[in-house]
Amino acid sequence: MGFRIEFGCADLARTTIAREPDPLWEVLLGMHMVQTDDEPDLFGAWRLRTRARLTALERELMVLAQPVGYSPDFLTPAESADGLDAGLAAVAATPPERLAAELSILAEQVRLPNWTRRLAAGDPDVLAKLCHGLKHFHRTNIAPLMPVINAMISRDVKVHSDTVTTGGFESLAGTLHPVLQWQPPYLHVDMGHIDRELDLDGRGLRLVPSYFCWRHPIMPADPSLPPVLVYPVQHDPAWAEPIEQYADPERAVADLLGRTRAAVLRTISAGACSTSELAARAGISLASASEHARVLHRTGLVTTRRAGGAVRHTISPIGSHLLSGAYH
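First residue of the sequence shown? That's 1 in our numbering, and the numbers climb one at a time after it.
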């Protein structure tokens, strides 16, 4: 029993580790997490906040993101590796035949509401609503955590990159997650409820660290899709937010600045960045990032300096002081 991934020589050469989280995988796995009670010490505060502010549309979309079993692959297209907007564009362009096929698999697991029939037919209005809900969930519930997520993933990637450098892929497989075991030419993923084999066939494997992935790694169900293995990063319990304090400080900053602008300020606090980097990290448009950075600069919370042909945004002492209440 288990999931076996078969590697050839070309696959080993083409296997990579993503250096940033995949936004739509984080959305899907975040939706999984909000529907469970797993790991309350690490995710409890986030889960309480998220459940309290879910919109009606986001609640509707939860039916597509079952925490146990199958979730449609069209929710996590390969294009999401290039950013949230690229991923959402790919979701919106999903062919109707693929939507229908994947929703029929989901229907074997859960009773689907009537609106999913229009989704299965490729109704552009329903697809637009789906993308809006996914984007809103990311902006509201994922983007505010990006400084922590990016820091954890950067640390994780450095450790695993060093492992590959010194010990090769054989050493890496054993350190990514306890359920992974390398027995050439197979990478064994010990998940008792799955028994199948995937031949990479020269495509390589993209390893994607994830903040919200939990228990075991996860892959797309369709073997014809670009091979991706999403695995949990090592969480630092010291960064966990106490449940009894989950709302007050962060909401105070959000009430003062607005949720999106507060998220932008927190993103800049994680490290100096250009406007395009800010947009990518916060999961917002370039125009929105530019406008929020401009307002934060005018209020003295952010310093903005030109470096060559670009500008760099850095949190100011006043901005750091404002945020300190949200983390200490």
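Where is the CB? At the ideal position from N, CA and C, for every residue including glycine.
Exercise for the section: Following the continuous alpha helix (DSSP H) through Pro209, name the residue where it begins and the one where it ends. Expected result: Taken as a continuous stretch (DSSP letters only), Pro209 belongs to no alpha helix (DSSP H), being part of the beta strand (DSSP E) at Arg206 to Ser210.
Problem - Residue from Thr304, Ser316, Gly283 and Leu106 whose Cα sits closest to the Cα of Leu134 - result: Nearest C-alpha to Leu134: Gly283.
Practice task
Name, in chain order, the residues that DSSP records as bridge partners for Thr94.
Solution key: Looking at the DSSP assignment, Thr94 forms no beta bridge with any residue, so it has no partner.
Practice task
Below 8 Å on the Cβ atoms is my guess for Ser344 versus Leu323; work out the distance and round it to an integer in Å.
Solution key: Residue 344 cannot be examined here, being either before or after the span of the chain that is shown, 1 to 328.
Exercise for the section: Please classify Glu26: is it buried, with 16 or more other beta-carbons within 10 angstroms of its beta-carbon, or exposed? Expected result: buried
Practice task
Please look up how many angstroms separate the CB atoms of Thr267 and Pro147, rounded, as I've assumed it's under 8 Å.
Solution key: 6 Å
Problem - Test item: CB-CB of Leu119 and Leu99 under 8 Å - result: yes
Problem - Length of the line joining the Cα atoms of Gly2 and Glu108 - result: 22 Å
Exercise for the section: May I have the straight-line CA-CA distance separating Glu170 from Ser161, to the nearest angstrom? Expected result: Answer to the nearest angstrom: the Cα atoms are 13 Å apart.
Handout entry: With 16 other Cβ atoms within 10 Å as the buried cut-off, status of Val34
Key = buried
Handout entry: Minimum C-alpha distance to Leu301 - residue among Leu127, Gly319, Val311 and Ala310
Key = Comparing Cα-Cα distances from Leu301 to each of Leu127, Gly319, Val311 and Ala310, the minimum goes to Gly319.
Exercise for the section: Have a look at Glu39, Leu42, Leu106 and Pro77 and flag the residue whose alpha-carbon is nearest the alpha-carbon of Tyr70. Expected result: Looking at Glu39, Leu42, Leu106 and Pro77, the one whose alpha-carbon comes closest to that of Tyr70 is Leu106.
Exercise for the section: With DSSP as the reference, label Leu127 as helix, strand or coil. Expected result: DSSP places Leu127 in helix when its eight states are reduced to three.
Handout entry: Counterpart residues of Thr166 in DSSP-defined beta bridges
Key = Paired residues: none, contrary to the question.
Handout entry: Distance, Val68 Cα to Arg47 Cα
Key = 17 Å
Problem - Buried versus exposed, by CB contacts within 10 Å (16 or more), Glu58 - result: buried
Handout entry: Pro113 to Phe7 span [Cα, whole Å]
Key = 40 Å
Practice task
Drop a sphere of 10 angstroms on the beta-carbon of Val159, count the other beta-carbons inside from all chains shown, and report buried for 16 or more, exposed for fewer.
Solution key: exposed
Practice task
Return the chain-ordered list of same chain residues with a C-beta closer than 6 Å to the C-beta of Ala247, the five sequence neighbours on each side being excluded.
Solution key: Interpretation of Ala247 is limited by its pLDDT of 46, a score under 50 that renders its predicted location unreliable; the figure taken from the coordinates is listed afterwards. Within the same chain, Ala247 has no close Cβ partners at all.
Handout entry: Span of the beta strand (DSSP E), counted from its first residue to its last, around Glu197
Key = Asp195 to Asp199
Problem - With 16 other Cβ atoms within 10 Å as the buried cut-off, status of Gly87 - result: buried
Handout entry: Neighbour-count burial assignment, Cys273, 16 or more Cβ in a 10 Å radius
Key = buried
Exercise for the section: Within 10 angstroms of the Cβ of Leu286, are there 16 or more other Cβ atoms? Answer buried if so, exposed if not. Expected result: exposed
Problem - Cβ neighbours of Ala221 in the same chain (closer than 7 Å, five flanking residues each side left out) - result: Taken in chain order, the residues that qualify are Tyr70 and Asp73.
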